[in-house]
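Participant: In this note's numbering, the protein residues as written are 16 to 112.
Virtual Cβ for every residue (Gly too), placed ideally from N, Cα, C.
This is the structure we're talking about:
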């Protein structure tokens with residue numbers, strides 16, 4: 016039991032370090048190389064982490080400023096809606112008596 020808790024904790028920390036490498040506003044996108052559809056999907060998935068990191072860093076944003084426009088927006092909102100809207104589908108409904 017103890018080993019699995021340590022392994023889970025290390026896996027969580029490693030995953031957080033990996034996820035923060037692709038966060039919006041990290042300087043990897045500019046006018047010549049804007050973020051596209053797949054970047055929008057990724058940024059939508061990690062939006063909660065971006066929000067928390069944005070509190071502590073002025074350069075990190077939830078949304079990439081240098082993007083391709085509509086396609087980036089579409090990917091971002093699909094990921095946000097599927098991630099957070101899907102939570103409501105998994106909740107159990109109360110039965111009326």
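From residue 91 to residue 61, what does the alpha carbon distance come to, in whole angstroms?
Facilitator: Taking the first residue of the chain shown as 1, we reach residue 91 at position 76. Taking the first residue of the chain shown as 1, we reach residue 61 at position 46. Distance between the alpha carbons of residue 91 and residue 61 is about 10 Å.
Participant: I'd like the list of long-range same chain contacts for residue 57, defined as Cβ closer than 7 Å, with 5 residues on each side in sequence excluded.
Facilitator: Reading the chain shown from its first residue, position 42 is the one you call residue 57. Around residue 57: 37.
Participant: Identify, in the order they occur along the chain, each residue of the same chain with its Cβ nearer than 8 Å to the Cβ of residue 45, setting aside the five sequence neighbours on each side.
Facilitator: Here residue 45 corresponds to residue number 30 of the chain shown, with the count starting at 1. These residues qualify, in order along the chain: 81.
Participant: May I ask which residues mark the beginning and end of the alpha helix (DSSP H) holding residue 67?
Facilitator: Within the chain shown, residue 67 is the residue found at index 52, counting from 1. It spans 62-71 - the alpha helix (DSSP H) in which residue 67 sits, taken as one unbroken run.
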